[in-house]
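Residue numbers (full-length UniProt numbering): 1 to 156. Backbone N, C-alpha and C define an ideal beta-carbon position, used for all residues, glycine too. For clarity, every value in this text was computed on a predicted model and none was experimentally measured.
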Amino acid sequence: MILPEEEEASAEDMILPEEEEIRSEDMVLSEEKEIRSDCMVLPKEEEVSTDDMILPEEEEKRGMTSYLVEKEGQIIGKVNLQLTSKLGAIFGLGVLPEHRRKGYGRALLLLAIEKLKEAEAQEIMLQVAAENSNALNLYRSCGFEETSTMDYFELK
């Protein structure tokens, strides 16, 4: 999915109670594994492995940033973004199940869009599983349009 250039998503729409905040933070791999497995909608057979994760210092070299939503000292959501040659990418957006449908995902998405635009991204894209209807609805409501569909295969 891609965000058309003329669409204006605003972080002004992000309304969070005072005790909750969105912040940028480097996570150690164990924290990343925990929040990724708890927040993401993954196929049941897919296990989160630290082998697939990138160290924070490597993320910085690759132009990647993570933002977290914290409520009462607990990380309840996250999003990753990356800027490469004026192409902004949003990935790994997830909110803990018990905190979904309360605006946290939208707040993270709008913040990611804002940060990528501030970094002069000319195009912003993201990928989402076609069966994740909640995420699709969120992305469409924030101005993203479907540009292509990819099939994934696995050798068993």
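Helix, strand or coil at residue i according to DSSP, with G and I counted as helix
i	result
Leu83	strand
Leu93	strand
Residue span of the alpha helix (DSSP H) that contains residue i, given as start and end
i	result
Lys71	Where Lys71 is concerned, there is no enclosing alpha helix (DSSP H), although the beta strand (DSSP E) it sits in stretches over 64-71.
Glu118	104-118
Range of the contiguous beta strand (DSSP E) that encloses residue i
i	result
Glu145	Note, Glu145: premise wrong, no beta strand (DSSP E); not H, not E.
Met1	Segment: none, Met1 is in no beta strand (DSSP E) and carries neither H nor E.
Leu126	123-126
Residues near residue i by beta carbon distance below 8 Å, same chain, minus five either side
i	result
Leu138	Gly105, Arg106, Leu109
Ala119	Leu83, Gly88
Close-in-space but distant-in-sequence residues of the same chain around residue i (CB under 6 Å, 5 per side omitted)
i	result
Ile90	Leu81, Ala112, Leu126
Phe153	none
Asp52	In this prediction, Asp52 scores a pLDDT of 43, lower than 50, which makes its location untrustworthy; no coordinate-derived value is stated.
Glu123	Leu87
His99	Ile76
Met27	Note on Met27: pLDDT 49, under 50, position unreliable in the model; no value is reported.
Glu131	none
Sequence-distant residues of the same chain with beta carbon closer than 7 Å to residue i, five excluded per side
i	result
Ser148	none
Val128	Met1, Ala135, Leu136, Tyr139
Leu93	Val79, Gly105, Leu108, Leu109
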